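Just so you know, the sequences run in chain order A and B. Per numbering that gives the first Met the number 0, the first sequence starts with residue 0, numbered consecutively. Per numbering that gives the first Met the number 0, the second sequence starts with residue 0, numbered consecutively. We put the beta carbon where it would ideally sit given N, CA and C, even for glycine. Computed from a predicted structure; not experimentally measured.
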Amino acid sequence: MKITSTFTPLNGGTAEVLKRIDTGARWGLEAQGRVVWRAWKRELQLRKGGFKTGAFATGVAQNKITLGPVQTLGRIGDYSVQVGTSVLYHLFWELGHMNLFTGKYERVETLRPALEDTRDEQRAAFVRQFRRAVGA
Amino acid sequence: MAGETLTTQAVQDWLLTRLLTFPAPGGTSKAGDFLSTRVYWDRPPADAVYPFGVVRLIGMRNTGAYNRERQQGALELTLIVRPADADKVSDLNTAADLAQGAMMFARSGDSAPTTGGLIFVGEGTRDPLPAPQEPVDEQTYTIRIVWVVTIWPRYLSRYAHP
Numbered sequence: 000m001k002i003t004s005t006f007t008p009l010n011g012g013t014a015e016v017l018k019r020i021d022t023g024a025r026w027g028l029e030a031q032g033r034v035v036w037r038a039w040k041r042e043l044q045l046r047k048g049g050f051k052t053g054a055f056a057t058g059v060a061q062n063k064i065t066l067g068p069v070q071t072l073g074r075i076g077d078y079s080v081q082v083g084t085s086v087l088y089h090l091f092w093e094l095g096h097m098n099l100f101t102g103k104y105e106r107v108e109t110l111r112p113a114l115e116d117t118r119d120e121q122r123a124a125f126v127r128q129f130r131r132a133v134g135a
Numbered sequence: 000m001a002g003e004t005l006t007t008q009a010v011q012d013w014l015l016t017r018l019l020t021f022p023a024p025g026g027t028s029k030a031g032d033f034l035s036t037r038v039y040w041d042r043p044p045a046d047a048v049y050p051f052g053v054v055r056l057i058g059m060r061n062t063g064a065y066n067r068e069r070q071q072g073a074l075e076l077t078l079i080v081r082p083a084d085a086d087k088v089s090d091l092n093t094a095a096d097l098a099q100g101a102m103m104f105a106r107s108g109d110s111a112p113t114t115g116g117l118i119f120v121g122e123g124t125r126d127p128l129p130a131p132q133e134p135v136d137e138q139t140y141t142i143r144i145v146w147v148v149t150i151w152p153r154y155l156s157r158y159a160h161p
């Protein structure tokens, strides 16, 4: 009986394997971040009329959502990607605040649903890019 | 005692009572001294008197582990005072200190999770919100504390362990 293996050693050996894993982690994270970035914009688009007060129209807010580059953290192999906003009022709407115009406590969450509702999509995007990088 | 996890309302009552009435060691100070009972679930009433708090259980979910009985999510406390003068901000920070202390080792009873239900509070983060700007009332000062909270609610475990 002949037993075969589908494993093909990479020319660069261990160093090449580690390099591909590293690339996969970075590509995966970027893809994961892009899913959140897109979902957050979508959440804001659903609220076309603004959060609650006209001065804070979400069409403008939508264009302020940012996706940063993948960055190295302290340890080798640890990376992060940041999905954020360039306007502070996003933070206040997301976490709740006493509103100057309505005189009430106001809160409209858009980031949290974007994060939580796309868990599976984020995971799938990461895995897809990781596999592409390692050649699996 | 399983009573504190028989319903979501009971879980909320247990958490809020702990938050407001647990005394600091060596004295009788507690968060309720500063907030009275003005900590509201989800949103405050329109006529809420300052300082007050808003508390929420966020993203409670099970991961499939522990027979899907264990729920984990966040307990979020937002404390707001107005006007934000030095004394009032200092008092709000003290209320936040006491709230943090109250939840530090918070755990409901010693009941076995599979039979009695269980609540415990884990690590947390505390941040003041940045200086207000539109649309926030600039006279307000806000502190936000978020803890990881784990619950084996009896309202679920009773299906597996009647």
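For residue i, three-class secondary structure by DSSP
i      : result
B/P127 : strand
B/Y49  : coil
A/H96  : strand
A/Q121 : helix
B/L14  : helix
B/R37  : coil
B/R42  : coil
B/T62  : coil
A/I75  : coil
Per-residue contacts from residue i into chain A (C-beta, under 9 Å)
i     : result
B/I79 : G95, H96, M97 and Y104
B/R69 : Chain A residues near B/R69: none, gap ~18 Å exceeds 9 Å.
Cβ neighbours of residue i in the same chain (closer than 7 Å, five flanking residues each side left out)
i     : result
B/D32 : none
Anticipated Cβ contact below 8 Å, residue i with residue j, distance rounded
i      : j      : result
A/V80  : A/G67  : 6 Å
B/G72  : B/L97  : That belief does not hold up - the Cβ atoms of B/G72 and B/L97 are roughly 23 Å apart, past 8 Å.
B/G121 : B/T149 : 7 Å
A/H96  : B/T141 : 7 Å
A/A30  : A/R130 : The Cβ separation is near 11 Å, so there is no contact.
Chain A contact residues for residue i, given Cβ-Cβ distances below 8 Å
i      : result
B/L128 : L90, F91, L94 and H96
B/T149 : Chain A residues near B/T149: none, gap ~18 Å exceeds 8 Å.
B/V53  : G95 and Y104
B/T139 : H96 and M97
B/R143 : L94
Within chain B, partners of residue i - CB distance below 7 Å
i      : result
A/L87  : P129 and Q132
A/F100 : P134
Residues that DSSP places opposite residue i in a beta bridge
i      : result
B/L56  : B/L74
A/Q44  : A/Q44 pairs with nothing; no bridge assigned.
B/I79  : B/F51 and B/T141
B/F119 : B/R106 and B/T149
B/T166 : In the structure as shown, chain B begins at 0 and stops at 161. Residue 166 of chain B is therefore absent and cannot be evaluated.
Chain-order list of residues whose beta-carbon lies under 8 Å from that of residue i (same chain, five-residue window excluded)
i      : result
A/T117 : V34, V35 and A38
B/A47  : R37 and Y39
B/K29  : L19, T20, F21, P22, A23, L97 and A101
B/N92  : I142
B/F51  : L34, R37, V38, Y39, P43, L78 and I79
Residues that residue i contacts on chain A, provided the C-beta gap is smaller than 7 Å
i     : result
B/G58 : E115
B/A45 : K103
Residues near residue i by beta carbon distance below 6 Å, same chain, minus five either side
i      : result
A/V107 : F50 and W92
B/Y49  : V80 and R81
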